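J.: Per my numbering, the sequence shown starts with residue 55, numbered consecutively.
Below are the C-alpha cells for one structure; questions will follow.
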Amino acid sequence: MATTPQDSAPLPPLHGAPLALLTVAIAFATFMEVLDITIVNVSVPHIAGSLGVSPQEGTWAISSYSLASAIMQPLSGWIGRQFGEVRAFCMSAFLFVLMSMLCGFATSMPMLVIGRLLQGAGSGPMVALSLSLLLNNYPNEKKGLALALWAMTVVVAPIFGPILGGYLTDNYSWPWIFYINAPVGLLAVIVTWYLLRRRESKIVKTPIDKVGLALLVIGVGCLQFMLDNGNDKDWFSSPLITTLAIIAVVCLTFLIAWELTDKHPIVDLSLFRKRNFVIGVSVMSFGMVGFFGINVVYPLWLQVVLGYTASWAGLATAPVGVLAFLLSPLIGRNIDRLELRSVVTFAFIVFAATSYWFSLFPDNASFNQLLWPRFIMGMAIPAFFIPLNQVFLSGLKPHEIASASGLANFCRTIAASISTAVTVTMWQHRGDYHHAVLAEHITGTSAATQSWVQGLGGDARAWQVIEDLIAQQSLTLAVNDVFWACAILFVLMIPLVWLARPPFGNVAAGPGAH
C-alpha cells in the first residue's frame, strides 16, 4: 500500500561553493561509473593472462558489468522513490566502490565476474540519480548548465576509458583500473551526503512488483547476453542465441503489458505516452547506434589493419573529446535561447559528414589524417546529447526525472550493445565479401599477378604476402562500408528530430520544482 509523500516546503536551490562542490562530487562519481564501461576493454588480454583464462573468457569482465547495469537502470526511479534519491545515490556510489575493490582483489575469473556483476548492479541507478540530484538542487536559470555538465561527463568518460585503462595496465597492473574508483567514489559519497542529507526527495513506499521485476531481470538479462555473445557464436545458427532471443522477446513483451496495467509498476512506462519523451529517447537511441558503432570499429580497424597498439588507438580516438569538453558548458548555458531541433540537426549533419570523410580513408592513412575528422566530430557530441536530454525531460515533474533518465540510459545502453553487435558483424561479413571479390582477380594466369609473384621471390611466401594485402584491403573497404552506413543513418534521423514539439523549457521547472 502506498504512503503519502511527506509534505514539506521545498528548500531553496544551492548556490556558490556548495553548488560547485556538489557538481564536482557528482560529476566525478558519474564519470568513474561510466568510465568503467570501457576502461576494461584494453585490459582484457592482461586480465585473461593473469587469471589463466582465454581472451574470449576474459571478455566476461566487460559483458557481466553491462548486463547487470542494463537490468538496474530502468529501476532507478523506483529505487529513488522507495529510499529517497540522496540515500539511493550515496548507497549506489558506496556499493560501486566496494565492488570495485572486490574486482581488484579477484584471484580467479569467476570471482572477477561476480565482482563485476555486483559492481554493475550496485552502480546501475547512479547515473540517472545523479542527473536528478543536480537538476533538483540547481537554480532554474542554471538547469541547462547542470544538464550540460552532466552530459559532458557521461559522453566524454567512455572516450577516455581505453586511454586511462591502457596507461594504468601498462604502467602499473590491471587491478588499478578498479582501485582508482575508491578515493573518487568515497569522496563523492561524503560530499553528497554532507550537502544533501537534509534535502532528501519525497519517499513513496509501494509494494514490490515481483512479476515485473522477474520479467525485467530475465528479459533484459537474456537480451544483453545475446547481444554481447551473438557475434562469437554466429548469431542465430547457435541454439543458445536463438533460445535467448525468444525468451527476451516473450519476457519483454509481457513486461510492457504488465507494467502498463499494474497498480504499482516497478518501471514507469507511462512516460512513453509523452510525445517529447518518445521522440527524444528514440532519436538519442538511433543516433547512439551510429555514434557508438563508429567508436567500436574505428579502434578495431586501427589495431587489426593499421597495426596500432591499444594505447595509440586510444590516442587516435581521443581528439573527439576536445571540442565536446569545451562546447558543452557553452551550449548548456545558452540552451534556453537555442532552437534545440536545429542544434540536433547540426549535430547529425556533422556526424554524417565526418562519417563520410572516414569512409574515404585508405589503409595507409597517416595518424595526422585520422585526427582531423575525429577532432571535428567532437563539436557534434554536445549538440547531440545535451538538447536531446532537454527534449525528453521537458514537461516532466521533479519526481519523474530519475525514472525518465533511467529509462533513457537503459535505451542508450541497449542501443550501444546493438550497435556493437551489428557494426562488428557487418565489418566481418563485408570483409569476407570484399575478400572474395578481390581474390577473384588474383589468378595464376593473370599477367599482373605473375609479375607481383615474381617480384616477391616467386615462392609460397609471395602468395602469403598477397593474401595479407588482400585481407588488409578487404577489411579497410569493409570499415568504409560501416562508416558509410552510419552516415546514412545520421541523415535519416534528421526528420525524426522535428517531430518533437516545443516549448522544451527548463527541465523540471514545473510545479514542485525548486
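Virtual Cβ for every residue (Gly too), placed ideally from N, Cα, C.
Keep in mind that this is a model prediction, so the values were computed, not measured.
#1: What does a CB cutoff of less than 6 Å around residue 460 pick up in its chain, not counting 5 residues either side in sequence?
#2: Hey, would you say residue 331 sits closer than 8 Å to residue 458, going by beta carbons?
#3: Hey, how far is the Cα of residue 339 from the Cα of residue 466?
#4: Measuring straight from C-alpha to C-alpha, what distance separates residue 137 and residue 257?
#5: In its own chain, which residues sit with a C-beta less than 7 Å from the C-beta of residue 432, not counting the 5 before and 5 after it?
#6: Is the Cβ-Cβ distance between residue 76 and residue 191 less than 8 Å?
#7: Starting from the Cα of residue 534, find the closest Cα among 156, 278, 166 and 416 and give me that residue.
#8: Rounded to whole angstroms, what is the Cα-Cα separation between residue 451 and residue 186?
#9: Tell me which residues share the same chain as residue 285 and place their Cβ nearer than 7 Å to its Cβ, disregarding the 5 neighbours each side in the sequence.
#10: Measure the alpha-carbon distance for residue 82 versus residue 180 and round it to whole angstroms.
#11: So for residue 106, helix, strand or coil by DSSP?
#12: Determine the DSSP secondary structure at residue 419, reduced to helix, strand or coil.
#13: Taking the C-alpha atoms as reference points, what is the distance between residue 141 and residue 251?
#14: By the 10 Å Cβ neighbour count, where 16 or more other Cβ atoms means buried, how is residue 426 classified, buried or exposed?
#15: Between residue 421 and chain B, is any beta-carbon pair separated by less than 8 Å?
#16: Do residue 421 and residue 209 have their beta-carbon atoms positioned less than 8 Å apart in this structure?
#17: Going by the beta-carbon positions, is the gap between residue 67 and residue 193 smaller than 8 Å?
#18: Is residue 258 helix, strand or coil when you go by DSSP?
#19: Should residue 135 go down as buried or exposed, given a rule of 16 or more other Cβ atoms within 10 Å for buried?
#20: Could you give the distance in angstroms between the alpha-carbon of residue 163 and the alpha-carbon of residue 386?
#21: Quick one: residues in its chain with C-beta nearer than 7 Å to the C-beta of residue 34, no 5 flanking neighbours on either side, listed in chain order?
#22: Taking 8 Å as the cut-off, decide whether the C-beta atoms of residue 211 and residue 89 are in contact.
#23: Run the CB neighbour count on residue 197, radius 10 Å, all protein chains shown included, and call it buried at 16 or more, exposed below.
#24: Going by DSSP, what residue range makes up the alpha helix (DSSP H) through residue 148?
#25: If you measure between the beta carbons of residue 280 and residue 268, is that distance less than 8 Å?
#26: Short check: CB of residue 540 to CB of residue 409, under 8 Å?
#27: Would residue 167 and residue 118 qualify as a contact pair, given that the criterion is a beta-carbon distance under 8 Å?
#28: So for residue 185, helix, strand or coil by DSSP?
#29: Thinking C-alpha only, which one of 322, 253 and 107 is nearest residue 133?
#30: Could you tell me which whole alpha helix (DSSP H) segments of length 4 or greater appear in the region 277-338?
#31: Rounded to the nearest angstrom, what separates residue 343 and residue 472 at their Cα positions?
#32: Within this structure, are the beta carbons of residue 334 and residue 302 separated by less than 8 Å?
#33: Name the residue from 263, 80, 184 and 87 whose alpha carbon lies nearest to the alpha carbon of residue 12.
T.: According to the structure data:
#1: In the sequence shown, residue 460 corresponds to position 406, counting from 1. Here residue 460 has 127, 128, 130, 131 and 182 as same chain residues with Cβ atoms under 6 Å from its own Cβ, once five neighbours each way along the sequence are excluded.
#2: Locating residue 331 in the sequence shown gives position 277, counting from the first residue. Locating residue 458 in the sequence shown gives position 404, counting from the first residue. With respect to the 8 Å criterion, residue 331 and residue 458 are classified as neighbours on the basis of their beta carbons.
#3: By one-based count along the sequence shown, residue 339 stands at place 285. By one-based count along the sequence shown, residue 466 stands at place 412. Rounded to the nearest angstrom, the two C-alpha atoms are 5 Å apart.
#4: As a first step, residue 137 must be located in the sequence shown, where it is residue number 83. As a first step, residue 257 must be located in the sequence shown, where it is residue number 203. One Cα belongs to residue 137, the other to residue 257, and the distance between them is close to 6 Å.
#5: Taking the sequence shown and counting its residues from 1, one reaches residue 432 at position 378. Same-chain partners within the cutoff: 373, 374, 375, 376, 377 and 378.
#6: For the purposes of this step, residue 76 is identified with residue 22 of the sequence shown, where counting begins at 1. For the purposes of this step, residue 191 is identified with residue 137 of the sequence shown, where counting begins at 1. Contact flag set, yes.
#7: As a position in the sequence shown, residue 534 is number 480, starting the count at 1. Comparing C-alpha distances from residue 534 to each of 156, 278, 166 and 416 shows the shortest one belongs to 416.
#8: Residue numbering aside, residue 451 sits at position 397 when the sequence shown is read from its first letter. Residue numbering aside, residue 186 sits at position 132 when the sequence shown is read from its first letter. A straight line joining the alpha-carbon of residue 451 with that of residue 186 spans about 11 Å.
#9: Here the question's residue 285 lines up with position 231 in the sequence shown. Here the set comprises 475, 478 and 479.
#10: As a working note, residue 82 is residue 28 in the sequence shown. As a working note, residue 180 is residue 126 in the sequence shown. In a straight line, the C-alpha of residue 82 is about 12 Å away from that of residue 180.
#11: Taking the first residue of the sequence shown as position 1, residue 106 is located at position 52. DSSP places residue 106 in coil when its eight states are reduced to three.
#12: The count along the sequence shown starts at 1 and reaches residue 419 at position 365. Here residue 419 sits in coil by DSSP.
#13: As a position in the sequence shown, residue 141 is number 87, starting the count at 1. As a position in the sequence shown, residue 251 is number 197, starting the count at 1. In a straight line, the C-alpha of residue 141 is about 8 Å away from that of residue 251.
#14: As a working note, residue 426 is residue 372 in the sequence shown. Residue 426 is exposed by the Cβ-count criterion.
#15: Protein chains in the displayed structure number just one, and chain B is not present.
#16: Position 155 of the sequence shown, counted from the start, is the residue given in the question as residue 209. Position 367 of the sequence shown, counted from the start, is the residue given in the question as residue 421. Taking 8 Å as the Cβ cut-off, residue 209 and residue 421 do not qualify as a contacting pair.
#17: One-based indexing of the sequence shown puts residue 67 at position 13. One-based indexing of the sequence shown puts residue 193 at position 139. Going by C-beta atoms, residue 67 is nearer than 8 Å to residue 193.
#18: In the sequence shown, residue 258 corresponds to position 204, counting from 1. DSSP places residue 258 outside both helix and strand once states are collapsed to three, so it counts as coil.
#19: Here residue 135 corresponds to residue number 81 of the sequence shown, with the count starting at 1. With at least 16 other beta carbons inside 10 angstroms of its own, residue 135 counts as buried.
#20: Within the sequence shown, residue 163 is the residue found at index 109, counting from 1. Within the sequence shown, residue 386 is the residue found at index 332, counting from 1. Using only the alpha carbons, I get a separation of about 43 Å.
#21: No information on residue 34 is available, as it lies outside the stretch 55 to 568 that the chain covers here.
#22: Numbered from its first residue, the sequence shown carries residue 211 at position 157. Numbered from its first residue, the sequence shown carries residue 89 at position 35. In this structure, residue 211 sits near residue 89, with a CB-CB distance shorter than 8 Å.
#23: The sequence position of residue 197 within the sequence shown is 143, counting from 1. Burial call: buried.
#24: By one-based count along the sequence shown, residue 148 stands at place 94. Boundaries of the alpha helix (DSSP H) around residue 148: 139-158.
#25: The residue given as residue 280 occupies position 226 in the sequence shown. The residue given as residue 268 occupies position 214 in the sequence shown. Not in contact: residue 280 and residue 268 (Cβ atoms no closer than 8 Å).
#26: As a working note, residue 540 is residue 486 in the sequence shown. As a working note, residue 409 is residue 355 in the sequence shown. Contact flag set, yes.
#27: As a working mapping, residue 167 is identified with position 113 in the sequence shown. As a working mapping, residue 118 is identified with position 64 in the sequence shown. The answer is yes: Cβ separation under 8 Å.
#28: Within the sequence shown, the letter at position 131 stands for residue 185. Three-state result, residue 185: helix.
#29: Position 79 of the sequence shown, counted from the start, is the residue given in the question as residue 133. Here the closest residue by C-alpha is 322.
#30: DSSP runs (the alpha helix (DSSP H)) wholly in the region 277-338: 293-315.
#31: The residue labelled residue 343 in the question sits at position 289 within the sequence shown. The residue labelled residue 472 in the question sits at position 418 within the sequence shown. For residue 343 and residue 472, the distance between alpha carbons rounds to 7 Å.
#32: Here the question's residue 334 lines up with position 280 in the sequence shown. Here the question's residue 302 lines up with position 248 in the sequence shown. Cβ atoms of residue 334 and residue 302: not closer than 8 Å.
#33: The chain is shown only over 55 to 568; residue 12 falls outside these bounds and no answer can be derived.
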